[in-house]
Amino acid sequence: MQLLDGKKILAEIKEELLQKVQTYVQKGSRPPCLAAVLVGNDGASQTYVASKEKNSEQCGFVSRILRFDESTTEAQILLEIEKLNNDPSLDGFIVQSPLPSHISAQKVFDAIDPSKDVDGFNTLNTGKLAKGMNSFVPATPLGIVELLKRYKIETSGKHCVVIGRSDIVGRPMSILLSLPNATGNATVTLCHSKTQNLKNFTLQADIIIAALGKAEFLTADMVKEGAIVVDVGITRIEDKTKKLGFRLAGDVKFDEVAPKCSFITPVPGGVGLMTIASLLQNTMKAYEQRFSTLNS
Ligand code: NAD
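In terms of the numbering used here, the sequence shown has 88 at position 86, counting the first letter as 1, and numbering is strictly consecutive.
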């Protein structure tokens, strides 16, 4: 069994991005700039956004966080998005989920200029992804593809079972793996809450992507010998022995599943860090596309 080490790959990607930024800056360009819009005080969101800020600064990007009170209206957020769309000093931005219930997340995502939509949640980017066109791809599934690629894990002809069909993880993951390209060409089964006899599918899988958000759901009896298991889940489990009062659990019962696997991601230290890596790569892509448009 080998660990798919998100920490190591994130460090590699940050180093590659830093080198690129230094080259661009030496040639007289400004560095890439990424902003995050944060509405309300959700603890996990604060942590994610702080981590994105720290990592983007470490690869030479300019980072901005725009904080808004929980009571901010949808109209006010849409106005802020328009300002960010029109800000030439900014290459990409994200609106951190979850948003307060009085704000429509999809309306907000669709207001983002598709060329600055580095989270890839805008409907135009979703449609382009489905057609295999150049687009911004949601960071979590993109990060998983990158992780498999860097560990030279072949997907072509493999049976991949994706558990979970959300717009941000499961469905785009299933599309990426099925695209006719070097990191796709898999036979994909997309399972969800209405799937019957899930174990029948997971037992046939060469690669399992567990993205359902149920702690330690995938057990050893659901996995065939030698499978590759990617654990997307992050659930906070109350644990009074920890400083923060909780521990993070994935969707995979790691201790019993890992011995059966050829490769497996840890939680934490796996997919979560690859999500950050892909957000940074998407920001670099937005920056390069912006300047190639300006220079053409
Ligand atoms: P979601 O709640 O939007 O979707 C969950 C999906 O799982 C649904 O499509 C549902 O049909 C399916 N599902 C639920 N119960 C099931 C069952 N018993 N059997 C089969 N399918 C079932 O969740 P999401 O936003 O896709 O996130 C999933 C998990 O991944 C969460 O734990 C979330 O915190 C985590 N996540 C991690 C990252 C990261 O960077 N590591 C990023 C996004 C989400």
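Where is the CB? At the ideal position from N, CA and C, for every residue including glycine. From a predicted model like this one, the values you see are computed outputs, not experimental measurements.
- Shown here, isoleucine 210 sits in a strand according to DSSP, grouped into three states.
- CA-to-CA, the gap between threonine 237 and leucine 250 works out to about 6 Å.
- CA-CA distance, aspartate 208 to histidine 161, rounds to 5 Å.
- The nearest non-hydrogen atom of the ligand NAD is less than 6 Å from the C-beta of serine 195.
- For arginine 32, no alpha helix (DSSP H) segment is defined, and its DSSP state is neither H nor E.
- Taking the Cα of glycine 228 as reference, the smallest distance to any Cα among Ile278, Thr128, Ile210 and Leu282 is reached at Ile210.
- Exclusion of serine 294 from the 6 Å shell around the ligand NAD follows from its C-beta lying no nearer than that to any non-hydrogen atom of the ligand.
- Here lysine 16 has Asn57, Gln60, Cys61, Ala279 and Leu282 as same chain residues with Cβ atoms under 8 Å from its own Cβ, once five neighbours each way along the sequence are excluded.
- Alanine 37 sits away from leucine 80, with the two beta carbons spaced by 7 Å or more.
- Burial is judged here by how many other beta carbons sit within 10 angstroms of a residue's own beta carbon; serine 176 has at least 16 and is buried.
- Pairing isoleucine 114 with aspartate 44, the inter-Cα distance amounts to about 22 Å.
- For tyrosine 289, the closest of Val64, Thr204, Val41 and Gln48 by C-alpha to C-alpha distance is Val64.
- If you draw a 10 Å sphere on the C-beta of glutamine 21, you find fewer than 16 other C-beta atoms in it, and that means exposed.
- The alpha helix (DSSP H) runs lying completely inside the segment 117-149 and spanning 4 residues or more are 125-132, given in chain order.
- Taking every protein chain shown into account, the CB of arginine 167 has 16 or more other CB atoms within 10 angstroms, so this residue is buried.
- Under the criterion of beta carbons closer than 8 Å, leucine 12 and leucine 275 qualify as touching, at roughly 4 Å.
- With a cutoff of 7 Å on beta-carbon distance, glycine 215 and leucine 181 are scored as not near each other.
- DSSP places isoleucine 155 outside both helix and strand once states are collapsed to three, so it counts as coil.
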